[in-house]
Amino acid sequence: MLQILVVCGAGLGSSFACQMSVESVLKDLNVEAKVDHSDIASAAGTSADIIISGKNFEEQFSRYDLSQDLIFLERLVDKEEIKEKLTPVLQEKGEL
Amino acid sequence: MKEIKFTKENVRLNVQADDWKDAIHQGVALLEHNGFVTDKYAFHIIRNIDEYGPYIVISPGIAIPHARPEDGAIDIGVSLITLKQSISFPNMETPVRVLISFAAQDNDQHLNIIKLIVKIIEDGLIQKIADISSIQKLNDLIGGDE
Numbered sequence: 000m001l002q003i004l005v006v007c008g009a010g011l012g013s014s015f016a017c018q019m020s021v022e023s024v025l026k027d028l029n030v031e032a033k034v035d036h037s038d039i040a041s042a043a044g045t046s047a048d049i050i051i052s053g054k055n056f057e058e059q060f061s062r063y064d065l066s067q068d069l070i071f072l073e074r075l076v077d078k079e080e081i082k083e084k085l086t087p088v089l090q091e092k093g094e095l
Numbered sequence: 000m001k002e003i004k005f006t007k008e009n010v011r012l013n014v015q016a017d018d019w020k021d022a023i024h025q026g027v028a029l030l031e032h033n034g035f036v037t038d039k040y041a042f043h044i045i046r047n048i049d050e051y052g053p054y055i056v057i058s059p060g061i062a063i064p065h066a067r068p069e070d071g072a073i074d075i076g077v078s079l080i081t082l083k084q085s086i087s088f089p090n091m092e093t094p095v096r097v098l099i100s101f102a103a104q105d106n107d108q109h110l111n112i113i114k115l116i117v118k119i120i121e122d123g124l125i126q127k128i129a130d131i132s133s134i135q136k137l138n139d140l141i142g143g144d145e
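Top line first, the protein sequences correspond to chains F and H. So the first sequence is residues 0 to 95, counted in numbering that gives the first Met the number 0. So the second sequence is residues 0 to 145, counted in numbering that gives the first Met the number 0.
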């Protein structure tokens, strides 16, 4: 199953809240995926297919050289923004 | 949901804060007063923001100060403060007047606190909370008593 990891600085607040919005968007889109959350230090070794994080982490992630699809959000709990940015990635992966 | 009952012990309304660091200190002071965190917790939150940017501002108008369990969290707990005047975080233009600070012991146990925060944002209640005049009205608005 598709795996999505949501990342923030501490890995238990902002990312957890964002995870709920992501799950809600996935439900709307009728896409099945396993969503989890973590802190940025643990994100480097993830096996998730898609990583979602805040815009402020973009520079940090650019140093990690990850092969995953990366999505950066202005607003972590904005379902419209999540849907807009996640949809093309899901289409590319054949999930939509 | 004992951890999200708002009382005079964990709420301060219309607080005067000098800047974002002062606002974090004031919100976290309530957690410390209630025995949920050590005196190191606010320091770690501020250090994280200095390092990663204001990841605690998850939607316009609201910040959710928190750090890792090992950064001084003792028990699951929450506090809420509203500010008399809005403050801005570094590299973030949207002003903040509501701060919901919390402590958690692992990545998942504080699910109810996160659910409440997401509900507040999705229901568009941030401005109403910023302007709220009593704890009773706050609990009526968000159902924190249930």
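Where a beta carbon is used, it is the ideal one built from N, C-alpha and C, also for glycine. None of these values were measured; they are calculated from a predicted model.
Cβ-Cβ distance between residue i and residue j below 8 Å
i	j	result
F56 (chain F)	V6 (chain F)	yes
V27 (chain H)	P64 (chain H)	yes
Y54 (chain H)	S23 (chain F)	no
Q2 (chain F)	K33 (chain F)	yes
F15 (chain F)	I113 (chain H)	yes
E131 (chain H)	T6 (chain H)	It should be pointed out that residue 131 (chain H) corresponds to Ile in this sequence rather than to Glu. It is not a contact, given that the beta carbons lie outside the stated cut-off.
I73 (chain H)	A102 (chain H)	yes
A43 (chain F)	L4 (chain F)	no
I49 (chain F)	G8 (chain F)	no
G76 (chain H)	H43 (chain H)	no
Under 8 Å from the C-beta of residue i: neighbouring residues of chain H
i	result
D38 (chain F)	R67
G44 (chain F)	In chain order: nothing, as chain H lies at least about 16 Å away.
Whole-Å CB distance - residue i paired with residue j, under 8 Å assumed
i	j	result
S78 (chain H)	L115 (chain H)	In fact, because the Cβ distance is near 13 Å, the residues do not count as touching under 8 Å.
K127 (chain H)	L140 (chain H)	6 Å
V30 (chain F)	I51 (chain F)	Wrong, their Cβ atoms sit about 14 Å apart, outside the cutoff.
Interface partners of residue i on chain H, CB under 7 Å
i	result
R97 (chain F)	It is not possible to answer for residue 97 (chain F), since the shown part of chain F is limited to 0 through 95.
F71 (chain F)	Neighbours of F71 (chain F) on chain H: none; closest Cβ ~11 Å, over 7 Å.
Chain F contact residues for residue i, given Cβ-Cβ distances below 7 Å
i	result
I80 (chain H)	Within chain F, no residue comes near I80 (chain H); the closest Cβ sits about 16 Å away, beyond 7 Å.
I120 (chain H)	V76
V14 (chain H)	Here the premise fails: no neighbours, minimum Cβ distance about 21 Å.
Contacts that residue i makes with chain F (C-beta to C-beta distance below 8 Å)
i	result
A103 (chain H)	L11 and G12
N106 (chain H)	G10, L11, F15, H36 and S37
V117 (chain H)	A16, M19, S20 and V76
How about the stretch 79-99 of chain H and the stretch 32-40 of chain H: do they share at least three Cβ pairs that are nearer than 8 Å? no
Interface positions of the stretch 13-28 of chain F facing chain H (Cβ-Cβ less than 9 Å), listed along the chain: S13, S14, F15, A16, C17, Q18, M19, S20 and S23
Chain-ordered residues of the stretch 50-64 of chain H with a beta carbon less than 8 Å from chain F: E50, Y51, G52, P53, Y54, I55, I57, S58, P59 and I63
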